[in-house]
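For reference, the structure discussed in these notes is given below.
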Amino acid sequence: ALLVLRLQSFAWYGYQPGPPQMVIVSLLKTSCSSLSGILLPYVFASACPPYSSIAPFCSLVLHVAGPECAAFSTVLSKHHDAFPLLTYCKLWFAWTPTSDVHLAAELLRRKPSLKCLDFTNMGKIAYRSDLSNEPVLSILRELPLLRVFGCSLFQDDLTSDHVMRLGRYVPRNLDALSMLFCVSKTAVSDTDWEQLFKGCSSCRYLHIRQEQWLGLRHFISRCLPDSVELLGYDHDLRWVLRESVTGDVSCTDSWPPTRVLFATANDFGCKEWKWLFRHHGPTAWRLRDPHRVDDSA
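308 is the number that the working numbering gives to position 176 of the sequence shown; each next residue is one higher, with no gaps.
This is the structure we're talking about:
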């Protein structure tokens, strides 16, 4: 079928079995000019097709974990200019070292067409004092078309300085923002949380995922930007309602679990919002490795 069809996108779900080489060859032979998005397990990189075949891609989703990290580091270090037309990019790193985050930042920095970026790293920097994923955060203002952004902060001790720096890095003109906080302890002040959320002044879809004890729900409801239309808190999604005369704010009932699980772009009212929500399943964001080791040495 792949030798006949001209596809616009192709996805291979699951890690095993991986896609045979003939699948990749057939796909690129017939759909190279029409294919704009591809989703494959990382084992695909061990038999990567010629660069000229994949350069036109504008959508990229990668989940890199375990022994794959070292190989991916090599690819990143040699191909910063890959995917020059990249518009949508979702990177999910598991236990990757700090150096790879710097390499990913260099890859993303050279993408002037990037509109949507979702960067999750459950890496070994979680127990360091540095701001998690700061290399990627620091290049956001260099992406002129960026309007949709998701990020993770895995910290042992989340401080007010971390939150203030996060607020400075996140662009003010974002249409949608998703933030995942996974921390062991924090003493962030109410004022700092309020400043962070109030800074999202153009955001129409705001989604926060966090450890249950962190209790950010009351900060969000208290400091909700006037622009927010859809509010997500962990796996609770609600539309925001505003009374035109009094300005009072309320929310609809939560979306039913089945709607959250099988939501479409029509449910969100925007395909970019649906894209941002994808791959953040009910348990994925809670994954933590009790055996990981600090890589600061």
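A virtual CB, placed ideally from N, CA and C, is assigned to each residue, including glycine. Keep in mind the model is a prediction, meaning the values are calculated, not measured.
Pairwise C-beta distances place the region 236-243 out of contact with the region 290-299, as fewer than three of them are shorter than 8 angstroms. The closest CA to that of L309, considering only R391, R354, S359, Q140, is found on S359. With contacts defined as CB atoms closer than 8 angstroms, Y220 and W407 qualify as a contacting pair.
Beta bridge pairing from DSSP links I340 with M311, Y365. Annotated three-state conformation of A395 is coil, per DSSP. K317 carries a strand assignment under DSSP once its states are collapsed to helix, strand and coil.
Across the structure, L139 and C402 are spaced so that their CA atoms are roughly 23 angstroms apart. Considering only L348, S382, G347, L346, the residue with the shortest C-alpha distance to L362 is S382. If you draw a straight line from the Cα of H412 to the Cα of D380, it is about 31 angstroms long.
Counting other Cβ atoms within 10 Å of its Cβ, M311 reaches 16 or more and is therefore classed as buried. Within the region 263-301, complete beta strand (DSSP E) segments of at least 3 residues are found at 280-290, given in chain order. Around the beta-carbon of E375, fewer than 16 other beta-carbon atoms lie within 10 Å, marking it exposed. A direct Cα-to-Cα measurement between L194 and W325 gives close to 31 angstroms. If you look at T230, you'll find it in the alpha helix (DSSP H) that goes 230-241. Between S166 and V320, the alpha-carbon positions lie close to 49 angstroms from each other.
Note that the C-beta distance between R341 and D366 is below 8 angstroms.
Only exposed fits L373, as fewer than 16 other CB atoms lie within 10 angstroms of its CB.
In this structure, the alpha-carbon of T162 lies about 20 angstroms from that of L192. Spanning the alpha carbons of V196 and S353 requires a straight line of approximately 35 angstroms. Inclusion of R241 and E274 in the CB contact set at 8 angstroms is warranted, their separation being smaller than that value. Rounded to the nearest whole angstrom, the C-alpha separation of D289 and F400 is 34 angstroms.
Judged by DSSP in its simplified three-state form, L192 adopts strand.
Take S245, set aside five residues on each side of it, and the residues of its chain with a beta-carbon closer than 7 angstroms to its own are L217, L218, T219, L277, in chain order. Secondary structure note for W345: it is in no beta strand (DSSP E), with a DSSP letter that is neither H nor E. Taking the C-beta atoms as reference points, C248 is found nearer than 8 angstroms to V280.
Bounds of any alpha helix (DSSP H) do not take in W224; it lies within the beta strand (DSSP E) bounded by 220-226.
By the neighbour-count definition (other C-beta atoms within 10 Å, threshold 16), F394 is an exposed residue. Residue pairing from DSSP places V372 in a beta bridge opposite C383. As the crow flies, the alpha-carbon of C335 is around 39 angstroms from that of I156.
Partner residues in the beta bridge of F251, as assigned by DSSP, are L223, C283.
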